[in-house]
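These notes are about the structure you will find just below.
2 protein chains.
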Amino acid sequence: MRASQRVYEQLRAEIIDGDLPPGQVLAEVEQSQRFGISRTPVREAIGRLAAEGLAEQQGGRGVVVSEVTVDDITPLFEVREALDIQAARLAALRGNPAEFTALADQLESVAKDFDTGPVHHDSSAAYYDLVEQMDRAIDSAAANPWLDAASSTVRMQLARVRRLAAHDPSRLAAAAREHAQIARAVSTGSAQLAEAAVRLHLSNALKSALAKAPPHPPAPEQADADQVAAASSS
Amino acid sequence: MRASQRVYEQLRAEIIDGDLPPGQVLAEVEQSQRFGISRTPVREAIGRLAAEGLAEQQGGRGVVVSEVTVDDITPLFEVREALDIQAARLAALRGNPAEFTALADQLESVAKDFDTGPVHHDSSAAYYDLVEQMDRAIDSAAANPWLDAASSTVRMQLARVRRLAAHDPSRLAAAAREHAQIARAVSTGSAQLAEAAVRLHLSNALKSALAKAPPHPPAPEQADADQVAAASSS
DNA sequence: GCAGCCATCTGTGTATACATTTGGGGCACG
DNA sequence: CGTGCCCCAAATGTATACACAGATGGCTGC
């Protein structure tokens, strides 16, 4: 595989996983030494990261991992809402009803598992797998490459902020039922119903995420991140 | 300015304007000679173009200007619909009503100009300027950087396909009224009304665009672009 | 004469060296 | 002692050189 591709995927994974924290400088020479390659492919990889918003120029000198705070959750959800709703609408119109009926059944089954007893790792893993499966099914049914591309960027950013607001296990059952409702709505072929189901789910998901980490209500003094960090560590 | 930036902007403009037609190969050495610089910044510029979908890899060897056909109009409008609706909804909630009231008044005034007599170049230029002004006002009021970024990509592609479906002068008056309705709806602060106005406008705009260049109805044989080109030239 | 294989050649992928710019630190002056 | 300017150093931006892969054309064997 091309070296630039490897470096890009590696750096992207490290940024999303939080191994490279926001504000971390991505020096070309440093990374090239770390990966044992030259600056050229590293430079290309960092350029792609910057284009996707995972990194950004620090003045004219240096690229740093971009900041993501709880304040970004709401704007990101606004974009996700627009894209997911449209994807669900199109999937309702174009998708294979049987496929989504099956997904809805499986999701409801998982939701019942969550009800009966404590949440096992197996069942939650099965749930996440089903959600990913449904996302792929919706994207595939929507059959719109540009929609996929736009969703991809937003989902990457959301994967980062998900670390900021640890999910609530007690919401798993409700979330599973919401996902089942989405699949069921898509299977009916009604764009309006699909839109309503997605809107409902995202509204609840956003509320849950913000409940854990409420956005900064007041901003009396305009202190930058460094000053805040210094103050909290003192 | 950085050479890579100049080359990027130049190539992007040439692709959007159609000076570099779809399928045109973007050879690094060729472009570097044309701009009188080395391959390195040209490579970076082409990489950015590929990331935005204006160019794409040609089977591992070479990058070519990406194809855009009338068949892409509908998918692009589907994404645009999702993003523009959300932007208008947010602008309705957060924007300054007076600003959009003023825009609505100006747009209605232009629409009346279109009615009274033949369309002059001045009035159509003023109209396009107002539309651009309103787009910026909506984006600004929505105050969502990620929404802006997603819209930017789609708008760039739409600028390309606009060349495929020359706009209808007789629709200018109706389009101006639709834009005025959007501004008016945003000024009322009703997200639902704004959504309806945008949806109506885009539906009409898409219909008009497709009327000029209907999508390929049947595809009896699955011939790729090269074969089609070869057949038509023989 | 045709088909398959090999050489060559063009073009991208990577490495390295040079230029430029920016940011900071130190020194001098007020 | 504070402030401002200048010099330097480090990191990015650009250029050039090398390596490799894929395609194309000719050549040879059948």
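So the protein sequences, as listed, match chains A and B. Sequential numbering of the first sequence, starting at 1, is according to the working numbering. Sequential numbering of the second sequence, starting at 235, is according to the working numbering. Every residue gets a Cβ at the ideal spot worked out from N, C-alpha and C, and that includes glycine.
Short-range partners of chain A found in the segment 343 to 370 of chain B, where Cβ spacing is below 7 Å = Listed in sequence order: no entries.
Using a Cβ cut-off of 9 Å, which residues of the segment 284 to 298 of chain B contact any Cβ in chain A, in chain order?
-> Ala285, Glu286, Gly287
Contacts around Ser357/B, its chain only, beta-carbon distance under 7 Å, and the 5 residues preceding and following it disregarded | Val344, Asp347, Phe348
The segment 362 to 381 of chain B contacting the segment 305 to 325 of chain B, beta-carbon criterion three pairs below 8 Å | yes
According to DSSP, what are the bridge partners of Gln57/A?
-> Val63/A
Would you say Gly329/B reaches chain A, if we count a Cβ-Cβ gap shorter than 8 Å as a contact?
-> no
8 Å Cβ cutoff met for Ala165/A and Lys207/A | no
Can you list the alpha helix (DSSP H) stretches of 4 or more residues lying completely in the segment 74 to 116 of chain A, in chain order?
-> 97 to 116
In terms of residue numbering, what span does the alpha helix (DSSP H) encompassing Arg163/A cover?
-> Note, Arg163/A: premise wrong, no alpha helix (DSSP H); not H, not E.
According to the Cβ coordinates, are Leu381/B and Val70/A closer than 8 Å?
-> Result no, Cβ atoms of Leu381/B and Val70/A do not sit closer than 8 Å.
What three-state label does DSSP hand Val119/A in the structure shown?
-> coil
Does any residue of chain A bring its CB to less than 8 Å from the CB of Leu324/B?
-> yes
By the criterion of Cβ-Cβ separation under 8 Å, what are the contact partners of Glu81/A in chain B?
-> Gln320
Hey, Val297/B and Ala284/B: beta-carbon distance below 8 Å or not?
-> yes
Rounded separation between Gln244/B and Ile250/B - CA only = If I take the Cα positions, the gap works out to 10 Å.
Pick from His354/B, Arg240/B, Asn438/B that is closest to Ile280/B, judged by C-alpha positions = Arg240/B
CA-to-CA distance, Pro331/B to Ala104/A, given in whole angstroms = 43 Å
Those runs of the alpha helix (DSSP H) which lie wholly inside the segment 414 to 448 of chain B and span at least 4 residues | 425 to 446
Can you give me the Cβ contacts of Leu310/B inside the same chain, cut-off strictly under 7 Å, excluding the 5 residues immediately before and after it?
-> Val388, Gln391, Leu392, Val395
Under 8 Å Cβ-Cβ, which residues of chain A neighbour Arg246/B?
-> Under the 8 Å cutoff, chain A gives no residues; its nearest Cβ is about 13 Å from Arg246/B.
Under three-state DSSP, which class holds Val25/A?
-> strand
Mark Gly95/A as exposed unless 16 or more other C-beta atoms lie within 10 angstroms of its C-beta, in which case mark it buried.
-> buried
Sort Ala414/B, Arg397/B, Pro352/B by Cα distance to Glu366/B and report the nearest one.
-> Ala414/B
Within the 8 Å Cβ cut-off, does Val7/A reach chain B?
-> no
So is Gly281/B in contact with chain A if we call contact Cβ pairs under 8 Å?
-> yes
Range covered by the alpha helix (DSSP H) that runs through Ala45/A = 39 to 51
When the Cα atoms are used, what is the spatial distance from Ser424/B to His201/A?
-> 22 Å
Can the beta-carbon of Leu107/A be found closer than 8 Å to that of Ala55/A?
-> no
Straight-line gap, Ala247/B to Gln291/B (C-alpha atoms, nearest Å) = 19 Å
Drop a sphere of 10 angstroms on the beta-carbon of Ser404/B, count the other beta-carbons inside from all chains shown, and report buried for 16 or more, exposed for fewer.
-> exposed
Is the CB-CB distance between Ile307/B and Leu444/B below 8 Å?
-> yes
Could you name the residues of the same chain whose beta carbon sits closer than 6 Å to that of Ile37/A, not counting the 5 residues immediately before and after it, in chain order?
-> Result list for Ile37/A: Ala3, in chain order.
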